[in-house]
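Per the UniProt record's numbering, the very first residue in the sequence shown carries number 1; after that it's consecutive.
By construction, the Cβ of each residue, glycine as well, lies at the ideal position given by its N, Cα and C atoms.
What follows is one structure encoded as C-alpha cells, with my remarks underneath.
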Amino acid sequence: MRHYEATEYILSFLLGDAIPLDISGKIRISRHAQMQRSPDYVAYCRPEEAKPYHRVVIVPSGFFDYEQYGRAESMPTLPLAEWHGMPLLFGEPREESLETPYGTRLIIYADLVASSYFLLSRYEEMYYRKRRDQHGRFPGRESLGYRAGFLERPLVDEYAAELRRLMSEIGLAVQPMEPGFSSVSLTHDLDQPYYSSGVRGFLRLLLKERLSLRAAYRNTFSRASEDLFFSYGRFLDWNVETQRKCASPVRTIFFIKTPSPHPLDKPNYTLRNHKIAAIMRLARRRKVEFGLHLNLYCSEHPDAVEAAKEELEKELGEPVTCSRHHYLAVREPEDYNALLGAGIYHDYSMSYADVAGFRLGTSRPVRFINPQSMVVTDLILHPLTVMDYTLHDEKYMHLDYAEAERVALAMIDQTYRYHGEVTLLFHNENLLLDDPHIYHTRLYRALLRQIIKLSPATDIVGL
C-alpha cells in the first residue's frame, strides 16, 4: 500500500515526537534513517482486520483509497463534525470499546490519521493548484483551517493529546504531552539589512526620499552602527538575555539572501559590503546561526536553490543546512524536494503570510510529507509561530497593538501547551526605537517575556 509509510509516520507523530533529538535539544538528522514505527498495539485498519493484540484501532475513512485520493471526494466538507470538541476532517465522531483476552480494545471511527495527514502534508495546496496569490503562495484565507475557524489551534496536537488520554484510560502506557517548549528559535530575515549603502543608495535618499545632503551622506557612508536600520545590537542583547533566562534551548538564526534578478529581491548585497560585514562580526560574537533566505527567484525556479546555497556557503565559509523562503513564498508542496536535493534539512517557512495560525496543524517540527508521492522525507519543517509583517501589514491582518499582542500570545501559549517549538520572525527594520507607527519593538519584548514566564530558568528574576 502506497500510503503505509505515511500512515505509520502519522501514528508515530500522534503518539510521540517522531523526530530524534540530541541531548542539546537540536533535531538530529540521519539520511535514510529507519522511520520510527507506531506501537504494535495500535492499528489503522477496519475492525475486522485487527489482530488479537491490537488495543487501539483507528478506522480508515477511505481518504487514502485509490479511487478517492486526489479527487474531489477526498476533500472535507463544511461544516465539519466535532470529535471531543475538536473539528474532525474525516470519519465519524464516535468510538466504542470491546473486551478481548488482551484487555479493552478501543475502536475509534474518527479518522485521526487522514485528518492529520491532510494538514501536515498541505494536501489542499496540492489539490487547489490555481488558488495562489501574486507571489505564487497559497493564501491562508483560502485554507480549510481559516474557513472552518480552527487555524489558530494546533489541531493535530489536540488530536494527539486526546488520543493519548483515551489510551491511558484503557491502561496503555503513553508518552504524555507535558507543557513546555521543545526549543525556541528567534529568527531574523536580512531582507533590508541596511537603510542605504553605496552610491545608488545615496542618490535614492537624496533624489527620491528628499533627504538633505548631510542626512543622505550620513545614512549611506557612515559606520554601520549609525545606519537607520541597524537595530542588531539591541535585539541580539534581548535574545541573549532570553537564552540565559529561559529553561528551554534558545537559538538565534539570521537568514541571509543571495543576489537575484527578481525586482522584489532588492536590495541585493553580499557579505563583502562593509555594513553587512559589520553585522556579521556582531552576529558571530553573539553565536548567531546562519541560514539561507531563499529569494523569490528561487521560489519561481526551484532548480536554482542549490546554486544559491553554494554561493552563501562560499561567502560564509561554513555549511548551510536550514532555509526560509523570502515572502514565505513556498509555492508548491513538491518544491521542497529542491531543498533536499541541495542538502538543506530544516525549513522555517511554514506559516501563511496573510494570516497567523498553524499552517501545518501542529506546533511541533514535522517531516515533510510529499502529498503527491506520499513519501516521508528527511526535510524537517519548523512551524513559524509569529511573523511581524503578518500582524501589522495592511495587505495582511492589519492589527493594532492590542489585537496583535492577543494573537501572538495565544499562539505562544498554544505552543507551550503541546510542548511545541516557538519560532519568532521579526525583521531588523521593524525593531527600531524611533518609529512610532510600527509597534514591533514593544511586541517583541512582550513575547520574549512571555516565553521566559512560561519556561523560566531556575535563577531568573525578570526581563
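Going by beta carbon distance, what residues of the same chain come within less than 6 Å of residue i, once the five residues before and after it are set aside?
i, result
"residue 91", "61, 109, 110 and 111"
"residue 257", "293 and 295"
"residue 239", "186 and 252"
"residue 25", "For residue 25, the predicted model reports a pLDDT of 38, less than 50, meaning its position is unreliable and no value from the coordinates is stated."
"residue 30", "At residue 30, the pLDDT of 40 sits below 50, so the modelled position is not reliable and the matter cannot be decided from this model."
"residue 308", "258 and 298"
"residue 118", "89"
"residue 43", "50, 54 and 57"
What would DSSP say about residue i, mapped onto helix, strand or coil?
i, result
"residue 350", "strand"
"residue 33", "Residue placement at residue 33 is poorly supported in this model, since its pLDDT is 40, which falls under 50; the coordinates still yield a value, given next. Residue state, collapsed to three classes: coil."
"residue 86", "strand"
"residue 97", "strand"
"residue 439", "coil"
"residue 344", "coil"
"residue 249", "coil"
"residue 102", "coil"
"residue 447", "helix"
"residue 113", "helix"
"residue 21", "In this prediction, residue 21 has a pLDDT of 40, which is less than 50 and means its spatial position is unreliable; what the coordinates show is noted afterwards. Strand at residue 21."
"residue 326", "helix"
"residue 394", "coil"
"residue 81", "strand"
"residue 92", "strand"
"residue 193", "coil"
"residue 177", "coil"
"residue 332", "coil"
"residue 455", "coil"
"residue 149", "coil"
"residue 118", "helix"
The alpha helix (DSSP H) that contains residue i, what's its start and end?
i, result
"residue 138", "It is not in any alpha helix (DSSP H) - residue 138 carries neither H nor E in the DSSP assignment."
"residue 240", "232–245"
"residue 305", "305–316"
"residue 9", "4–15"
"residue 421", "Taken as a continuous stretch (DSSP letters only), residue 421 belongs to no alpha helix (DSSP H), being part of the beta strand (DSSP E) at 421–425."
"residue 125", "123–127"
Between the alpha carbons of residue i and residue j, how many angstroms are there, rounded?
i, j, result
"residue 214", "residue 283", "29 Å"
"residue 159", "residue 107", "15 Å"
"residue 252", "residue 56", "41 Å"
"residue 382", "residue 293", "15 Å"
"residue 146", "residue 385", "16 Å"
"residue 243", "residue 454", "13 Å"
"residue 143", "residue 40", "34 Å"
"residue 99", "residue 52", "11 Å"
"residue 468", "residue 459", "There is simply no residue 468 to check, as the chain begins at 1 and stops at 463 in what is shown."
"residue 334", "residue 101", "46 Å"
"residue 263", "residue 297", "9 Å"
"residue 248", "residue 322", "20 Å"
"residue 342", "residue 371", "20 Å"
"residue 269", "residue 260", "9 Å"
"residue 255", "residue 457", "28 Å"
"residue 126", "residue 74", "12 Å"
"residue 379", "residue 212", "50 Å"
"residue 153", "residue 359", "10 Å"
"residue 237", "residue 288", "12 Å"
"residue 156", "residue 67", "25 Å"
"residue 220", "residue 151", "43 Å"
"residue 49", "residue 58", "11 Å"
"residue 192", "residue 161", "41 Å"
"residue 210", "residue 195", "14 Å"
"residue 36", "residue 347", "In this predicted model, residue 36 has a pLDDT of only 49, less than 50, meaning its place in the structure is not dependable; the value taken from the coordinates is given anyway. So the two alpha carbons sit approximately 21 Å from each other."
"residue 393", "residue 188", "17 Å"
"residue 246", "residue 200", "43 Å"
"residue 411", "residue 368", "22 Å"
Might you give, ordered along the chain, the residues of its own chain that have their beta carbon closer than 7 Å to the beta carbon of residue i, omitting 5 neighbours on each side?
i, result
"residue 88", "80, 81, 82, 110 and 115"
"residue 338", "302, 303 and 305"
Following the continuous beta strand (DSSP E) through residue i, name the residue where it begins and the one where it ends.
i, result
"residue 66", "From DSSP, residue 66 is part of no beta strand (DSSP E); its letter is neither H nor E."
"residue 412", "From DSSP, residue 412 is part of no beta strand (DSSP E) but of the alpha helix (DSSP H) over 401–417."
"residue 283", "No beta strand (DSSP E) holds residue 283; the alpha helix (DSSP H) holding it covers 274–285."
"residue 162", "Unbroken run through residue 162 is the alpha helix (DSSP H), 155–169; no beta strand (DSSP E)."
"residue 44", "42–44"
"residue 379", "376–383"
"residue 183", "183–189"
"residue 300", "First-last for residue 300: 296–300, but that is the alpha helix (DSSP H), not the beta strand (DSSP E)."
"residue 367", "366–369"
"residue 57", "56–58"
Just to confirm my understanding: we take residue i, look at its own chain, exclude 5 residues before and 5 after, and list those with CB closer than 8 Å. What are they?
i, result
"residue 95", "106, 107, 108, 109, 110 and 166"
"residue 271", "256, 277, 280, 315 and 316"
"residue 171", "103 and 104"
Are the segment 129–142 and the segment 352–362 touching by the rule of at least three beta carbon pairs closer than 8 Å? yes
Closer than 8 Å is the cut-off here; do at least three beta carbon pairs connect the segment 426–434 with the segment 230–237? yes
Okay, do the segment 437–452 and the segment 388–404 touch, 3+ Cβ pairs below 8 Å being the bar? yes
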